[in-house]
Amino acid sequence: WDTSPAFSPDGKHLAFTMEVFPDCENLPCTTQHVEEEKNRKTSGVLYEKLFVRHWDTWKDGRRSHIFVMPATGGDAIDIMKGMDADSPSKPFGGPGEITFTPDGQAVVFTARDAGREEAWSTDFDLYLAPVDGVKEPECLTEANDAWDTSPAFSPDGKTLAYLAMQRPGYESDRFRVMLRGWPDGKTRILTEEWDRSPGSILWSPNSKTIFTVAADLGQRSLFAIKLNSGEVKTLWKEGRVRSPAMAGKRIVFGLDNLKSPVELYSIKSNGKDLRTITKINVEKLAAARMGDYEQFAFKGWNDETVSCYVVKPADFDPNKKYPVAFLIHGGPQGSFGNDFHYRWNPQAYAGAGYAAGMVDFHGSVGYGQEFTDAIRGDWGGKPLEDLQKGLAAALERYPWMDGERVGALGASYGGYMVNWIEGNWPDRFKCLVNHDGVFDQRMMYFATEELWFPEWEHGGPYYANPKGYEKHNPALHIDKWQTPMLVVHGARDYRVLLEQGIGAFTALQRRGIPSKFLYFPDENHWVLTPHNGILWHETVIGWLDQWLRDEATN
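Residue numbers for the sequence shown follow my numbering, so the first one is 81 and each next one is one higher.
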C-alpha cells in the first residue's frame, strides 16, 4: 500500500497504489501469483524484455498501479488496468506524480508505457483515468516523446500545470513549466526564457503564481513565476529549499545548508518576513565542530566561469597547513552545493582536520542548460580540466591548503572520474577513493539498467558508436595507474555493477598499487544503513589519514 494516500477534492474518493501483475483482472489474481511463486520448487526466472532489474531490485513482473475506492469503503478499482507501467515512476517517483481532477471524477498521473523500449526510453507521459475505471487511461501528452511529469491543478480548477522536457532520451534536459487549460486542453510554455530547470510545482491560492524550487549557482532556491508574464522572482536564494507547501498566505519549506541540517521555515509569498518554525538541531549543532565555508569562481575549460566551494577544517587556524579532501560529485549532471548531505558531507572531513574542496565542473546543474549539456561525449575532457584548474585556483587562493597533501574522492560519476584521474592525472594526488565508479565503459553499457543514460552521454548504443565509449574509458589507461586507491562498492548496485568496482581493484592489485576494497553485500548505489554509513566514514577517513597525515608524507 502507498504510504501517501490522497483524497479527492470533494472528499468522496481515496487513491493509493499497490503492486499488481498488470495482466491480472483483480487483486486475488495477484495474490495467487505471489503465493505460487513462494511455493514453487524451481528458482529460475525467464525474462522476455528489459528491465531485468532496476536500481536495486530484480523485477518480478509486478507494477505499481493506482487504485481508487470510495472514502466510505467499498471495492478498490485499478484505474491503470492493463497498463504495463508504474505510477509513481520507479525508482524515485512519488506522490507529486498523481493528482485528482478538480471535480474529483478522474485522476491525472505520470507513467511510462513504453513496452519493450522501456529501458532506453524517457517518454514519461501524463494520463487521465476516471475513478470508476470504465475507460482506459487517456494519454494527455502523446505529442511529446520526452519527459512529462508532476501534474498539479490550480486552485480555481482552470489550469493543469506540469513539467516537461523537450529532448527524448535525455534525463537531465531542462524542465519547462507547462500550462494546460482545463478542460479545453490548450497548452503553452510558461518558462521558455528561464534557463533553469524547476523541480516542483506549487500553486498560489489565487491561481496567479506558481512557486518552484530549482538549482541555481550552487544553491537550490525558491522562486515565484507569474502566470500572466512568465516573470521569475527569487524568493529565497541561500541553501537548499525542500518540499515547499502553502500555509494560508505563507510558504512553508525545509531549508538546510553546509553548516546546518534541515529546519522548517515560512516566508511570505513575496519573499519577505522569513520565520523559523523549528529548531530541532540547535543543541546538537552547538556541540558539533563545523568548518566555515565559502564559494568562489575561477576560469575553467575555455576560460568559462566555474564555481567551487571550500570548507575550512573545524577549529581552523590560519597559521597552519591542512591536508585536502577534494570531493567530486556524481551525476554527472549534479552539484556539490550549499546543502547538508547525509552521505557526502564535507563537514565529515572538516571535523577530521581536512579542508574540503568541491568543484561544479562542466556538466553540473544550476548554471544554465548549455553548461549542463557540455559534458555530453566528453566525460574525461572538460570536467577534468575544470577540476585541475579548480584545485590550482583553490590552492592559490587559500595558502593554508596543503597542495602536497591532497586526496581525491568521488562516487558514481565521481568514482568514474577518480578512475580516469588514476590514468590521466596520475601524479597529483597522494591517494584516491572510488565509490561505485565506472571502470570499463564497454561493460558498463551492457550491464547497467537505464540504457537511455549511456546512449545519450556517449552517442548511441555501444555497438553503434564504440569510439564514443572508448574515448574516455578508464580501463584503457591502466598502464599509467600509480596512486593508492580505496575502492568501495555495494552488491545491490545495479546502476554501476559490482564488477566495475572489482575490476578497478583487480587492476590496482595486479599492478602492485597499494589498495583496499570495501564491500557491502546489502547496499545499493548508496550506503544507506546507519551502521554501514559509520563504517564507510571510518574507512574512508582512515584511508585519507594513512596517506595525507604528516607521518605518512614524512
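Here a beta-carbon is modelled for each residue, glycine too, at the ideal position from N, C-alpha and C.
Do you know whose CA, among D397, T229, Y599 and N604, lies nearest L615's CA?
Your numbering for residue 615 matches position 535 in the sequence shown. Taking only the C-alpha atoms, the option nearest L615 is Y599.
Determine which residues share a DSSP beta bridge with H569 and list them.
Locating residue 569 in the sequence shown gives position 489, counting from the first residue. BP columns for H569 point to Y599.
Jot down the residue ranges of each uninterrupted beta strand (DSSP E) in the stretch 99-187, minimum 3 residues, whole runs only, in chain order.
Segments of the beta strand (DSSP E) lying fully in the stretch 99-187: 143-150 and 178-180.
Outcome for T633 when other beta-carbon atoms lying within 10 angstroms are tallied against a minimum of 16
Position 553 of the sequence shown holds residue 633. Since pLDDT at T633 reaches only 39, below the 50 mark, its modelled position is unreliable, and the value read off the structure follows with that caveat. Label assigned to T633: exposed.
Looking only at its chain, what residues have a beta carbon closer than 8 Å to the beta carbon of L94, apart from the 5 residues adjacent to it on each side?
For this step, residue 94 is matched to residue 14 along the sequence shown. Sequence-distant partners of L94 (beyond 5 residues in either direction) whose C-beta falls short of 8 Å from its own C-beta, in its chain, are P85, A86, F87, S88, V148, M149, P150 and A151.
Drop a sphere of 10 angstroms on the beta-carbon of C109, count the other beta-carbons inside from all chains shown, and report buried for 16 or more, exposed for fewer.
Your numbering for residue 109 matches position 29 in the sequence shown. Counting other Cβ atoms within 10 Å of its Cβ, C109 stays below 16 and is therefore classed as exposed.
If you follow the alpha helix (DSSP H) that P263 is in, where does it begin and where does it stop?
Against the sequence shown, residue 263 aligns to sequence position 183. Neither: P263 is in no alpha helix (DSSP H) and is coded neither H nor E.
For M497 and E579, which I take to be in contact (beta-carbon distance under 8 Å), what is that distance rounded to the nearest angstrom?
Sequence index remark: in the sequence shown, residue 497 carries index 417 (1-based). Sequence index remark: in the sequence shown, residue 579 carries index 499 (1-based). Here M497 is actually not in contact with E579; their C-beta atoms are around 19 Å apart, not less than 8 Å.
What is the C-beta distance between M438 and Y389, in whole angstroms, given that I count them as a contact (C-beta under 8 Å)?
Counted from its first residue, the sequence shown places residue 438 at position 358. Counted from its first residue, the sequence shown places residue 389 at position 309. A Cβ-Cβ separation of about 5 Å places M438 in contact with Y389 under the 8 Å criterion.
So what does F291 bridge to, in DSSP terms?
Residue numbering aside, residue 291 sits at position 211 when the sequence shown is read from its first letter. F291 pairs with L282 and A304.
Beta-carbon proximity list for W623, same chain, < 6 Å, skipping 5 on both sides
Taking the first residue of the sequence shown as 1, we reach residue 623 at position 543. Excluding residues within five positions, the ones whose Cβ falls inside 6 Å are L566.
First and last residue of the alpha helix (DSSP H) that includes V498?
Here residue 498 is taken as the residue at index 418 of the sequence shown, counted from 1. Where V498 is concerned, the enclosing alpha helix (DSSP H) stretches over Y493 to N504.
Kindly indicate the opening and closing residues of the beta strand (DSSP E) around H515.
Here residue 515 corresponds to residue number 435 of the sequence shown, with the count starting at 1. In the DSSP assignment, H515 falls within the beta strand (DSSP E) that extends over C511 to H515.
Coil, strand or helix - E450 by DSSP:
On the sequence shown, position 370 is the one that residue 450 refers to. Three-state DSSP puts E450 in a helix.
Kindly list the residues whose CB is nearer than 7 Å to the CB of I360, restricted to its own chain and excluding five residues on each side of it in sequence; keep chain order.
Position 280 of the sequence shown, counting from 1, holds the residue named residue 360. Here the set comprises E343.
Report the option in S444, E535, Y434 and W505 whose CA atom is closest to the CA atom of R485.
Here residue 485 corresponds to residue number 405 of the sequence shown, with the count starting at 1. Ranking S444, E535, Y434 and W505 by Cα distance to R485 puts Y434 first.
So, using beta-carbon positions, are A555 and F519 closer together than 7 Å?
Position 475 of the sequence shown holds residue 555. Position 439 of the sequence shown holds residue 519. Cβ distance < 7 Å, so A555 and F519 count as in contact.
In three-state terms, what does DSSP make of F526?
Within the sequence shown, residue 526 is the residue found at index 446, counting from 1. In the three-state reduction of the DSSP assignment, F526 falls in the helix class.
So which of G265, V188, P217 and D507 has the shortest CA-CA distance to T229?
Numbered from 1 along the sequence shown, position 149 holds the residue referred to as residue 229. It is V188.
Relative to the alpha-carbon of E363, which residue among F180, P341 and F451 has its alpha-carbon at the smallest distance?
Numbered from its first residue, the sequence shown carries residue 363 at position 283. When only C-alpha atoms are compared, the closest one is P341.
Do Y373 and I357 come within 7 Å of each other at the CB atom, strictly closer than that value?
By one-based count along the sequence shown, residue 357 stands at place 277. By one-based count along the sequence shown, residue 373 stands at place 293. Cβ distance not < 7 Å, so I357 and Y373 don't count as in contact.
What do you get for L471, buried or exposed, if any count of 16 or more other CB atoms within 10 angstroms of its CB means buried?
As a first step, residue 471 is located in the sequence shown; it is residue number 391 there, counting from the start. Here L471 is buried: its Cβ has 16 or more other Cβ atoms, across all protein chains shown, within 10 Å.
Alpha carbon of R369 to alpha carbon of G570, nearest angstrom:
By 1-based counting over the sequence shown, the position of residue 369 is 289. By 1-based counting over the sequence shown, the position of residue 570 is 490. Taking the straight line from one Cα to the other gives about 30 Å.
Helix or strand or just coil, what does DSSP make of E618?
What you label residue 618 is simply residue 538 of the sequence shown in a count that begins at 1. The answer is helix: DSSP assigns E618 an H, G or I state.
What are the boundary residues of the beta strand (DSSP E) that D466 is part of?
As a first step, residue 466 must be located in the sequence shown, where it is residue number 386. It is not in any beta strand (DSSP E) - D466 instead sits in the alpha helix (DSSP H) that spans K462 to R477.
Name the one or two DSSP bridge partners that A191 has.
Position 111 of the sequence shown holds residue 191. Note: A191 sits in a beta bridge opposite D205.
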